[in-house]
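A short worksheet on the structure shown next.
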(Lines of atoms letter the chains of each structure in order from A and count residues from 1; the text may use other names and numbers.)
(Lines give C-alpha, C1' and ligand atoms only; values in the text may rest on other atoms or scores of the structure.)
Protein backbone atom coordinates (compact mmCIF):
# COMPACT_ATOMS: atom_id res chain seq x y z
CA UNK A 1 0.00 0.00 0.00
CA UNK A 2 1.38 3.40 -0.95
CA UNK A 3 1.90 6.17 1.58
CA UNK A 4 -0.92 8.23 0.05
CA UNK A 5 -3.29 5.23 0.19
CA UNK A 6 -2.42 4.72 3.87
CA UNK A 7 -2.92 8.43 4.52
CA UNK A 8 -6.29 8.38 2.70
CA UNK A 9 -7.39 5.30 4.63
CA UNK A 10 -6.32 6.97 7.86
CA UNK A 11 -8.35 10.08 7.06
CA UNK A 12 -11.42 8.02 6.24
CA UNK A 13 -11.07 6.01 9.46
CA UNK A 14 -10.64 9.22 11.49
CA UNK A 15 -13.75 10.70 9.87
CA UNK A 16 -15.80 7.60 10.68
CA UNK A 17 -14.48 7.45 14.26
CA UNK A 18 -15.09 11.17 14.78
CA UNK A 19 -18.60 10.91 13.36
CA UNK A 20 -19.35 7.88 15.54
CA UNK A 21 -18.27 9.71 18.68
CA UNK A 22 -20.18 12.88 17.78
CA UNK A 23 -23.34 10.98 16.83
CA UNK A 24 -23.22 9.18 20.16
CA UNK A 25 -22.75 12.40 22.13
CA UNK A 26 -24.97 14.77 20.11
CA UNK A 27 -27.35 12.58 18.14
CA UNK A 28 -27.63 12.18 14.38
CA UNK A 29 -29.43 15.47 13.80
CA UNK A 30 -27.05 17.40 16.05
CA UNK A 31 -23.94 16.58 14.02
CA UNK A 32 -22.71 18.56 11.04
CA UNK A 33 -20.10 17.45 8.53
CA UNK A 34 -17.98 20.45 9.55
CA UNK A 35 -17.95 19.18 13.15
CA UNK A 36 -16.92 15.73 11.92
CA UNK A 37 -14.04 17.25 9.92
CA UNK A 38 -12.90 19.20 12.97
CA UNK A 39 -13.08 16.12 15.22
CA UNK A 40 -11.07 14.10 12.69
CA UNK A 41 -8.51 16.90 12.17
CA UNK A 42 -9.29 16.90 8.46
CA UNK A 43 -10.05 19.91 6.21
CA UNK A 44 -13.83 20.22 5.72
CA UNK A 45 -13.58 19.66 1.97
CA UNK A 46 -12.02 16.25 2.57
CA UNK A 47 -15.24 14.96 4.08
CA UNK A 48 -16.92 15.16 0.67
CA UNK A 49 -14.04 13.28 -0.95
CA UNK A 50 -14.88 10.24 1.15
CA UNK A 51 -18.60 10.74 1.79
CA UNK A 52 -20.86 12.50 -0.69
CA UNK A 53 -23.68 12.85 1.84
CA UNK A 54 -24.20 12.72 5.57
CA UNK A 55 -26.12 9.47 5.03
CA UNK A 56 -23.03 7.94 3.39
CA UNK A 57 -21.06 8.87 6.49
CA UNK A 58 -23.77 7.47 8.78
CA UNK A 59 -23.73 4.24 6.80
CA UNK A 60 -19.96 4.01 7.38
CA UNK A 61 -20.51 4.64 11.11
CA UNK A 62 -23.05 1.80 11.24
CA UNK A 63 -20.66 -0.50 9.36
CA UNK A 64 -17.88 0.37 11.81
CA UNK A 65 -20.15 -0.30 14.79
CA UNK A 66 -21.17 -3.64 13.28
CA UNK A 67 -17.48 -4.52 13.00
CA UNK A 68 -16.96 -3.50 16.63
CA UNK A 69 -19.89 -5.65 17.75
CA UNK A 70 -18.55 -8.66 15.86
CA UNK A 71 -15.10 -8.18 17.39
CA UNK A 72 -16.62 -7.79 20.87
CA UNK A 73 -18.67 -10.97 20.52
CA UNK A 74 -15.65 -12.84 19.17
CA UNK A 75 -13.59 -11.69 22.17
CA UNK A 76 -16.02 -13.46 24.50
CA UNK A 77 -15.00 -16.81 22.99
CA UNK A 78 -12.03 -16.65 25.35
CA UNK A 79 -14.43 -17.53 28.18
CA UNK A 80 -14.73 -21.25 28.84
CA UNK A 81 -18.50 -21.63 28.95
CA UNK A 82 -21.61 -19.93 27.57
CA UNK A 83 -22.77 -18.52 30.90
CA UNK A 84 -19.41 -16.78 31.38
CA UNK A 85 -19.67 -15.41 27.83
CA UNK A 86 -23.16 -14.05 28.49
CA UNK A 87 -22.08 -12.47 31.77
CA UNK A 88 -19.13 -10.88 29.96
CA UNK A 89 -21.53 -9.47 27.38
CA UNK A 90 -23.69 -7.88 30.08
CA UNK A 91 -20.56 -6.71 31.86
CA UNK A 92 -19.46 -4.77 28.80
CA UNK A 93 -22.12 -2.17 29.61
CA UNK A 94 -20.78 -1.84 33.16
CA UNK A 95 -17.33 -1.09 31.72
CA UNK A 96 -18.80 1.99 30.05
CA UNK A 97 -21.48 2.84 32.64
CA UNK A 98 -20.29 6.44 33.11
CA UNK A 99 -20.42 7.07 29.36
CA UNK A 100 -23.81 5.34 29.08
CA UNK A 101 -25.23 7.37 31.98
CA UNK A 102 -24.17 10.58 30.25
CA UNK A 103 -24.93 9.87 26.57
CA UNK A 104 -26.85 6.60 26.42
CA UNK A 105 -25.74 3.28 24.97
CA UNK A 106 -23.71 3.84 21.78
CA UNK A 107 -25.45 0.92 20.07
CA UNK A 108 -28.92 1.53 21.46
CA UNK A 109 -29.02 5.25 20.70
CA UNK A 110 -27.75 4.75 17.14
CA UNK A 111 -30.23 1.93 16.52
CA UNK A 112 -33.06 3.96 18.00
CA UNK A 113 -32.30 7.15 16.07
CA UNK A 114 -31.81 5.47 12.72
CA UNK A 115 -34.74 3.15 13.41
CA UNK A 116 -37.06 6.13 12.95
CA UNK A 117 -36.07 6.35 9.31
CA UNK A 118 -37.35 4.36 6.38
CA UNK A 119 -34.47 4.61 3.94
CA UNK A 120 -32.41 1.48 4.50
CA UNK A 121 -30.25 2.89 7.29
CA UNK A 122 -32.93 1.70 9.71
CA UNK A 123 -32.43 -1.91 8.62
CA UNK A 124 -28.65 -1.58 8.63
CA UNK A 125 -28.67 -0.17 12.17
CA UNK A 126 -31.02 -2.96 13.30
CA UNK A 127 -28.17 -5.38 12.62
CA UNK A 128 -26.42 -4.03 15.72
CA UNK A 129 -29.05 -5.51 18.01
CA UNK A 130 -29.70 -8.47 15.72
CA UNK A 131 -26.09 -9.65 15.91
CA UNK A 132 -26.12 -9.51 19.70
CA UNK A 133 -29.49 -11.27 19.92
CA UNK A 134 -28.41 -14.08 17.61
CA UNK A 135 -25.12 -14.55 19.45
CA UNK A 136 -26.82 -14.55 22.88
CA UNK A 137 -29.44 -16.99 21.63
CA UNK A 138 -26.66 -19.38 20.56
CA UNK A 139 -25.09 -19.12 24.02
CA UNK A 140 -28.41 -19.80 25.78
CA UNK A 141 -28.96 -22.75 23.43
CA UNK A 142 -25.57 -24.17 24.52
CA UNK A 143 -26.82 -23.85 28.10
CA UNK A 144 -29.89 -25.93 27.14
CA UNK A 145 -32.38 -23.29 28.27
CA UNK A 146 -36.02 -23.94 27.44
CA UNK A 147 -36.40 -20.93 25.11
CA UNK A 148 -33.01 -19.57 24.05
CA UNK A 149 -34.45 -16.73 21.94
CA UNK A 150 -36.68 -15.54 24.77
CA UNK A 151 -33.70 -15.60 27.14
CA UNK A 152 -31.60 -13.63 24.64
CA UNK A 153 -34.35 -11.03 24.24
CA UNK A 154 -34.71 -10.80 28.02
CA UNK A 155 -30.98 -10.26 28.48
CA UNK A 156 -30.63 -7.61 25.78
CA UNK A 157 -33.86 -5.87 26.79
CA UNK A 158 -32.63 -5.87 30.38
CA UNK A 159 -29.28 -4.35 29.48
CA UNK A 160 -30.80 -1.78 27.13
CA UNK A 161 -33.52 -0.91 29.64
CA UNK A 162 -30.91 -0.47 32.35
CA UNK A 163 -28.87 1.71 29.99
CA UNK A 164 -31.90 3.84 29.18
CA UNK A 165 -32.76 4.36 32.85
CA UNK A 166 -29.14 5.06 33.80
CA UNK A 167 -29.02 7.68 31.04
CA UNK A 168 -32.39 9.23 31.87
CA UNK A 169 -31.55 9.46 35.57
CA UNK A 170 -27.81 10.12 35.04
CA UNK A 171 -27.10 7.26 37.44
CA UNK A 172 -24.27 4.91 36.39
CA UNK A 173 -24.73 2.80 39.54
CA UNK A 174 -28.24 1.92 38.41
CA UNK A 175 -26.83 0.23 35.31
CA UNK A 176 -24.13 -1.59 37.27
CA UNK A 177 -26.69 -2.89 39.78
CA UNK A 178 -29.07 -4.00 37.06
CA UNK A 179 -26.33 -5.83 35.15
CA UNK A 180 -25.30 -7.60 38.36
CA UNK A 181 -28.89 -8.88 38.73
CA UNK A 182 -28.88 -10.03 35.09
CA UNK A 183 -25.62 -11.89 35.72
CA UNK A 184 -27.15 -13.56 38.78
CA UNK A 185 -30.11 -14.59 36.61
CA UNK A 186 -27.70 -16.15 34.10
CA UNK A 187 -26.04 -18.08 36.95
CA UNK A 188 -29.45 -19.35 38.07
CA UNK A 189 -29.97 -20.95 34.64
CA UNK A 190 -26.85 -23.14 34.88
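In our numbering, the protein residues as written are 8 to 197. Note that the Cβ used here is the ideal one computed from N, Cα and C, for glycine as well. Only a predicted model underlies this, so the values are computations on that prediction, with no experimental measurement involved.
CA nearest to the CA of residue 77, picked from 136, 101, 165, 162: That would be 136, whose Cα lies nearest to the Cα of residue 77.
Determine the closest residue to residue 166 out of 30, 102, 52, with distance taken between C-alpha atoms. Of the candidates 30, 102, 52, the one whose C-alpha sits nearest the C-alpha of residue 166 is 102.
Label residue 33 either buried or exposed according to how many other C-beta atoms from any shown protein chain fall within 10 Å of its C-beta, with 16 as the threshold for buried. Counting the other Cβ atoms within 10 Å of the Cβ of residue 33 gives fewer than 16, which makes it exposed.
Look up residue 94 in the DSSP assignment and say whether it is helix, strand or coil. Look at residue 94 here: in three-state DSSP terms it is helix.
Proximity below 8 angstroms, CB of residue 181 to CB of residue 162: Contact: no.
Is the separation between the beta-carbon of residue 96 and that of residue 83 shorter than 8 angstroms? With respect to residue 83, residue 96 sits close: the two C-beta atoms are nearer than 8 angstroms.
Do residue 30 and residue 68 count as a contact pair if the criterion is CB distance below 8 angstroms? Taking 8 angstroms as the Cβ cut-off, residue 68 and residue 30 qualify as a contacting pair.
Would you mind working out which of 184, 41, 140 sits nearest residue 93, comparing C-alpha positions? Nearest C-alpha to residue 93: 140.
Beta-carbon proximity check, residue 25 vs residue 47, cutoff 8 angstroms: Here residue 25 is near residue 47, since their CB atoms are less than 8 angstroms apart.
Could you spell out the range, first to last residue, of the alpha helix (DSSP H) harbouring residue 152? From DSSP, residue 152 is part of no alpha helix (DSSP H); its letter is neither H nor E.
Take residue 171 and list the residues in its own chain whose beta-carbon comes closer than 8 angstroms to its own, dropping the five residues that flank it on each side. Counting only Cβ-Cβ distances below 8 angstroms, and skipping sequence neighbours, we find 111, 112, 115.
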